[in-house]
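S.K.:
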Amino acid sequence: NVSFSDLRESIRIRQKILIHYRDEAQRDTVRTLRPLALIFCGPVWLLAAWCEKRNDFRNFRLDRIGAVEFCEERFDDEKDKNLSAYKAQDTLC
19 NVSFSDLRES
29 IRIRQKILIH
39 YRDEAQRDTV
49 RTLRPLALIF
59 CGPVWLLAAW
69 CEKRNDFRNF
79 RLDRIGAVEF
89 CEERFDDEKD
99 KNLSAYKAQD
109 TLC
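The sequence shown maps to residues 19 to 111 in the working numbering.
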């Protein structure tokens, strides 16, 4: 399972992660993310992140993340890809 504390640390130090994810249609995908926040939404936890594959913000359910790889690469706090920009465009839950 996904370590909540490891994800929090990657958010804190701005460390990119690679996730193996299963979407709601049961399709498996691999994504490189800039993790921004952990959000409790109803009965599930979400990882709010900038998705490099989609070049946009996405929410990923923690219970659908099969594996996480913590990359060596760090990311800068770019104003159009940070938590403030995410909050400005996304309606949570």
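Idealized CB from N, CA, C, for every residue including glycine.
Source: prediction; values computed, not measured.
Contact between the stretch 26 to 41 and the stretch 54 to 66: three or more CB pairs below 8 Å?
M.R.: yes
S.K.: Using C-beta distances below 6 Å, list every residue in its chain close to I83, excluding the 5 sequence neighbours before and after it, in chain order.
M.R.: Numbered from its first residue, the sequence shown carries residue 83 at position 65. Excluding positions up to five away in sequence, the list reads V20, I37, Y39.
S.K.: Among K34, R49, I35, which one has its Cα closest to the Cα of D41?
M.R.: Here residue 41 is taken as the residue at index 23 of the sequence shown, counted from 1. Check the Cα spacing between D41 and each of K34, R49, I35: the tightest is with R49.
S.K.: Return the chain-ordered list of same chain residues with a C-beta closer than 7 Å to the C-beta of Q33, the five sequence neighbours on each side being excluded.
M.R.: The sequence position of residue 33 within the sequence shown is 15, counting from 1. Excluding residues within five positions, the ones whose Cβ falls inside 7 Å are F88, C89, R92.
S.K.: Whole angstroms is fine: what's the gap from A105's alpha carbon to F75's?
M.R.: Taking the sequence shown and counting its residues from 1, the one referred to as residue 105 is at position 87. Taking the sequence shown and counting its residues from 1, the one referred to as residue 75 is at position 57. The sequence shown places Lys at residue 105, rather than the Ala named in the question. Taking the straight line from one Cα to the other gives about 10 Å.
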